[in-house]
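Contents: one structure, followed by commentary.
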Amino acid sequence: MKKKKLSFKFGFKLVLKKDLVLSFKKIATFMVPLVFFLML
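Here the sequence shown stands for residues 482 to 521, numbered as in this note's numbering.
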């Protein structure tokens, strides 16, 4: 039972990390052209 809970926690953290990376990529793709536009 304890092992199952642990693996669930680990899986949840993994999903959370993936979600963070995805949102970061979205922000990056939005920010890069903005920064590039400001630099010109």
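Yeah, the Cβ is synthetic: ideal placement off N, Cα and C, and Gly gets one too.
Here the structure is a predicted model, which is why all the values come from computation and not from measurement.
So residue i is in the alpha helix (DSSP H); what residue range does that whole segment cover?
{"i": "L515", "result": "K483 to M520"}
Among the residues of its own chain, which have a CB less than 6 Å from the CB of residue i, if the five just before and after it don't count?
{"i": "V516", "result": "none"}
For chain C, check one thing: does any of its Cβ atoms lie closer than 9 Å to the Cβ of residue i?
{"i": "K498", "result": "Of the chains in the structure shown, none is chain C; there is only one protein chain."}
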